[in-house]
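A short write-up of the structure that comes next.
Protein chains in written order, with this note's numbering: chain A, 30 to 382; chain B, 241 to 563.
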């Protein structure tokens, strides 16, 4: 047992919150080791897919056969992941599942289930995220599901909604991370999946996700949501994040502090309507800080830096408009800081009350 | 952040914490930051975000080149912002976050001023000169500022200057290397030089001891040499390329610095990733047949095996470092 865990265990033992005998703990890998494993899982999946493809070339050319072949790949991945912790098997399962997903998507497209293909793929990813007992698999599945649903919504003439809607589950999962102790492994995978998907969709110009609009070029436009409705969802989601943060600290909703935080969030959400990546990056930073989650905080900082650096290249608005948006944010932030310095003794009293 | 978050997660994953006790455990593990920590966080966040947004706002405005605003007004705007930043730097406590933010803002304004000068007087200078002169003129601020971020900006500007210079002229290393790989070797040389300088100076200079800064420099050098190595394998020139011995030497040095002398899992994980990519590409292009299903299965097994072996070794090192 490491010194840090031992220290926490002793503290909890004193408070009679843990058993008498400490277990032999396995230390969690840091994010960069997990990233290394994810890359090997991805590459492994790619080569396995190539192997299956070349081996059953004539068989796979038939979409229904490819669909049929993806099922045993999913089943093997599921049963391998059910085996108690083993890194090798976990990544073999991830590779098998990714190969299965590629086959499944190809067969769905070939079977011409358009426009439901992306909806079906998204639903399958959600099911996989729930059942596959792997942190990385859950993160991948949630991100894939979000991308698939975004294409589906774009096809139906409802783009730019999911990016705002994802703020709701991201906030909830982050702030209730420790609420379901027995389900922690499941909820943490979902949490990171939702946050990464939210950052990707809100910075879609940055990650080239406009490509998805080409995929959904057969837009049905059956429902056309007015522009203000998407804005309203974004503002509501931002206020929800602020409200959840307040409620975690048991601060009364009608108190001056709560109202100030909500007002601040409202103004900032309005100011960043045309630059949602800034607001979302800030939300992730606040959520990360609230839970002492350095990885989440780092994701927020990184997304903010990348978004700001590439905001210049967004073609929807002129540079003059973008300059005004940034100026408004800057003035708001700097005035907010001055006010914070002025009222921080009062804030301390209120928060400590 | 002085919480025991990672340790708490380990306890939860071993089912040592019950759902009834979780609220108390979260408090004892110091997951929720204190009021003071929140105030410091918000204060710093507002300051940095405000400064970066303001500087980008000015740069975007200049780039828009609004014809309704005269050149005198534009110069006044940028120069006023620059002077304001310097005055703010002189007014606040020198080692504070506010002084660093003011200096970064001044650095961005310097770039905006130089771009405006070039835009207004059409000097005919090459683009690399803008970034090089920007880096040159901000050097005194970087020296007196004594914080990592401003030096990283300085290094980014020099990198940009090198890239743009090589776009126009043959680079200084063109006499030694074939023209196709010139830029990559120039980048690698610069990144290694930056990394080694930082590494050697950091033990005696406190502000250089930020872990993230040296990691960025090592990452840049590692990416450069891995890129050179992968290019050599692609071109089937690995045996007569300088990339192989330099790649081996670089990662042997990383191993010695961050496994033997001290331990940094980030650096070791980066080295493992580079090794994995190089091995796979070498096997895929030089040893195995890409059209053969058996070869792809072997590659899949090798890549998963290497990933797991790396994780296993890194976990062992991590355990060793935490005991």
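Every residue, glycine too, gets a C-beta built ideally from N, C-alpha and C.
Buried versus exposed call for residue i [16 or more other C-beta atoms within 10 Å across all chains shown]
i: residue 320 of chain B; result: exposed
i: residue 531 of chain B; result: exposed
i: residue 351 of chain A; result: buried
i: residue 329 of chain B; result: buried
i: residue 167 of chain A; result: buried
i: residue 527 of chain B; result: exposed
i: residue 255 of chain A; result: exposed
i: residue 518 of chain B; result: buried
i: residue 88 of chain A; result: exposed
i: residue 504 of chain B; result: buried
i: residue 120 of chain A; result: buried
i: residue 183 of chain A; result: buried
i: residue 267 of chain B; result: exposed
i: residue 440 of chain B; result: exposed
i: residue 405 of chain B; result: buried
i: residue 61 of chain A; result: buried
i: residue 524 of chain B; result: buried
i: residue 461 of chain B; result: buried
i: residue 487 of chain B; result: buried
i: residue 90 of chain A; result: exposed
i: residue 415 of chain A; result: The structure shown has nothing for residue 415 of chain A, since chain A only spans 30 to 382.
i: residue 437 of chain B; result: exposed
i: residue 199 of chain A; result: buried
i: residue 212 of chain A; result: exposed
i: residue 276 of chain B; result: exposed
Cβ neighbours of residue i in the same chain (closer than 6 Å, five flanking residues each side left out)
i: residue 306 of chain A; result: 231, 232 and 336
i: residue 358 of chain A; result: 300
i: residue 147 of chain A; result: 177, 180 and 181
i: residue 311 of chain A; result: none
i: residue 161 of chain A; result: 110
i: residue 271 of chain A; result: 290, 291 and 294
Where residue i sits in the DSSP three-state scheme
i: residue 325 of chain A; result: helix
i: residue 245 of chain B; result: helix
i: residue 255 of chain A; result: coil
i: residue 101 of chain A; result: helix
i: residue 172 of chain A; result: helix
i: residue 38 of chain A; result: helix
i: residue 191 of chain A; result: helix
i: residue 397 of chain B; result: helix
i: residue 373 of chain B; result: helix
i: residue 386 of chain B; result: coil
i: residue 261 of chain B; result: coil
i: residue 91 of chain A; result: coil
i: residue 278 of chain A; result: coil
i: residue 186 of chain A; result: coil
i: residue 338 of chain A; result: helix
i: residue 481 of chain B; result: coil
i: residue 166 of chain A; result: helix
i: residue 301 of chain A; result: coil
Beta-carbon proximity check, residue i vs residue j, cutoff 8 Å
i: residue 304 of chain B; j: residue 349 of chain A; result: yes
i: residue 189 of chain A; j: residue 111 of chain A; result: no
i: residue 224 of chain A; j: residue 155 of chain A; result: no
i: residue 279 of chain B; j: residue 368 of chain A; result: no
i: residue 304 of chain A; j: residue 267 of chain A; result: no
i: residue 57 of chain A; j: residue 250 of chain B; result: yes
i: residue 435 of chain B; j: residue 400 of chain B; result: no
i: residue 126 of chain A; j: residue 158 of chain A; result: no
i: residue 273 of chain B; j: residue 318 of chain A; result: yes
i: residue 83 of chain A; j: residue 536 of chain B; result: yes
i: residue 355 of chain A; j: residue 296 of chain B; result: yes
i: residue 391 of chain B; j: residue 382 of chain B; result: yes
i: residue 140 of chain A; j: residue 93 of chain A; result: yes
i: residue 150 of chain A; j: residue 134 of chain A; result: yes
i: residue 227 of chain A; j: residue 204 of chain A; result: no
i: residue 248 of chain B; j: residue 271 of chain B; result: yes
i: residue 428 of chain B; j: residue 470 of chain B; result: no
Chain-order list of residues whose beta-carbon lies under 7 Å from that of residue i (same chain, five-residue window excluded)
i: residue 338 of chain A; result: none
i: residue 314 of chain B; result: 302 and 356
i: residue 506 of chain B; result: 455
i: residue 202 of chain A; result: 216, 219, 220 and 223
i: residue 322 of chain B; result: 346, 349, 350 and 353
Any chain D beta carbon closer than 8 Å to residue i
i: residue 89 of chain A; result: Absent from the structure is chain D; the protein chains it does hold are A and B.
Neighbourhood of residue i by C-beta, 8 Å cutoff - its chain only, sequence neighbours within 5 removed
i: residue 333 of chain B; result: 339
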